[in-house]
Every structure is written in C-alpha cells, then in structure tokens.
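Please read the structure below before turning to the comments.
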Amino acid sequence: MSRTARQVVARPTAWFRIACQGVFVAIFVVLFALASFPVRGHLPVETFLRLDPLLTFVASLAARTALAGVLLAGAVLGSAVVAGRLFCGYVCPLGASLDFADFALFKRIRKAPPAGLGLSWVRCGLLAFIVAAALFGSTLLLWLSPLSLLTRFSTNLAFPILGRGLVGLGLATYRPVVGWMRPP
C-alpha cells in the first residue's frame, strides 16, 4: 500500500469526506443531466448555483431584489464562519473534482506549506471589483465564480464528449437513460 493510501486509511474523517464528496458529485451530475430547456419537471436543477454565495448575492445586488437562493447562500456563508471551508471541502462538486485530480495526478509530489506570497489582496480586490460592478447592475464578472466555471465546463466540454461517446457506442438508443444526451 502506498504512503498516500495509508494516510487516507489512517484518517477516518477522510473517508467521511470522500463519501460526502461522492454523494454530492452524484447529485450534481444527476441535476445537471436533468437540466434542459425548457425545464421539465419540478426538480431544482439550479440548486448548486443557488448555493454559491458569490453568484446569489451579486445577482441579487445587480437585480436590486432578493432572489430565492439568498437564504441558502447565507447558510453557506454562515457555515464558513462556523466550520471553515465546509462547503468547499464536502459539498462543492468543483472541490471534489480538484481533490480527486490532486490525488490521482499529484499523489507522489510532496506539497510544501504555503509560502504566504501575500496575494490575498488580489482576491479581496477582485471581490470588491465584482461587487462594485454589481452595484452598477453588471453581472458580467460572475464567470469567475467556481460553480459557474464548473457548470460552463460541463456544458461545453464534458457533456458533449460524453454524449458523443455514448452515441458512438450505440448506447443512446436507451431513451430513459441517455436519450437526453444525443447530440444534434
């Protein structure tokens, strides 16, 4: 057993975190697969986007109204105050995919502790710029939001590749399962 695998086995909380990430990635994939235009059914396919505090609060600020997801996003911010990066580590599908890629691709590289480059002012400045733009009614900079990036990546790259692959294998004939993925 490799050293990295022993470290994961040794920490029981790591298994809980991996299980949570797997469940939430599965939920994201199902909701993403069910999202279509026009939306059929009553499932809240935009749930993960509503959980993103940046998207929700900036969109509410730009629209000058309280959107439906403000309470959910507020709960995410509240959990961050109480439990740190709980949402990013356990719920966010982008965080799970980054953790998986880190484990799969970089497990042999030993990480050095962060050097404290003093770049936190860049994040704070970018956030201030996004909020200022929202005050003027612009939501153009929301493409920088992590969940927005994940959704865009899934829509424009992963989803078409998967759909074409299933069609190529002849699996797209099973409508209940993959009929929605058939490319035009």
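-1 is the number of the first residue of the sequence shown in my numbering; add one for each residue after it.
Beta carbons: idealized from backbone N, C-alpha and C, even for Gly.
These figures come from a predicted structure and were not determined experimentally.
7 Å CB neighbourhood of residue i in its chain, flanking five on each side removed
| i | result |
| --- | --- |
| Leu65 | Thr54, Ala57, Ser58 |
Neighbourhood of residue i by C-beta, 8 Å cutoff - its chain only, sequence neighbours within 5 removed
| i | result |
| --- | --- |
| Tyr88 | Arg15, Cys18, Gln19, Phe22 |
| Ile128 | Leu52, Val56, Leu139, Leu140, Leu142 |
Straight-line Cα distance separating residue j from residue i
| i | j | result |
| --- | --- | --- |
| Leu29 | Ala130 | 32 Å |
| Arg150 | Val43 | 14 Å |
| Thr11 | Phe134 | 44 Å |
| Leu52 | Ala81 | 18 Å |
| Thr63 | Leu47 | 17 Å |
| Gly72 | Cys86 | 15 Å |
| Leu124 | Ser146 | 16 Å |
| Ile25 | Ala102 | 22 Å |
| Phe157 | Ala61 | 30 Å |
| Leu160 | Leu32 | 15 Å |
| Trp13 | Leu155 | 30 Å |
| Met(-1) | Asp100 | In this predicted model, Met(-1) has a pLDDT of only 48, less than 50, meaning its place in the structure is not dependable enough to derive any value. |
Extent of the continuous alpha helix (DSSP H) run through residue i
| i | result |
| --- | --- |
| Cys122 | 118 to 133 |
| Thr11 | 10 to 32 |
| Pro51 | 51 to 61 |
Close Cβ partners of residue i (< 6 Å) along its chain, the five nearest in sequence each way excluded
| i | result |
| --- | --- |
| Leu92 | Pro144, Leu148 |
Residue i versus the options, residue with shortest Cα-Cα distance
| i | options | result |
| --- | --- | --- |
| Leu84 | Thr153, Leu49, Leu155, Ala31 | Leu49 |
| Gly67 | Val27, Ser136, His40, Thr45 | Thr45 |
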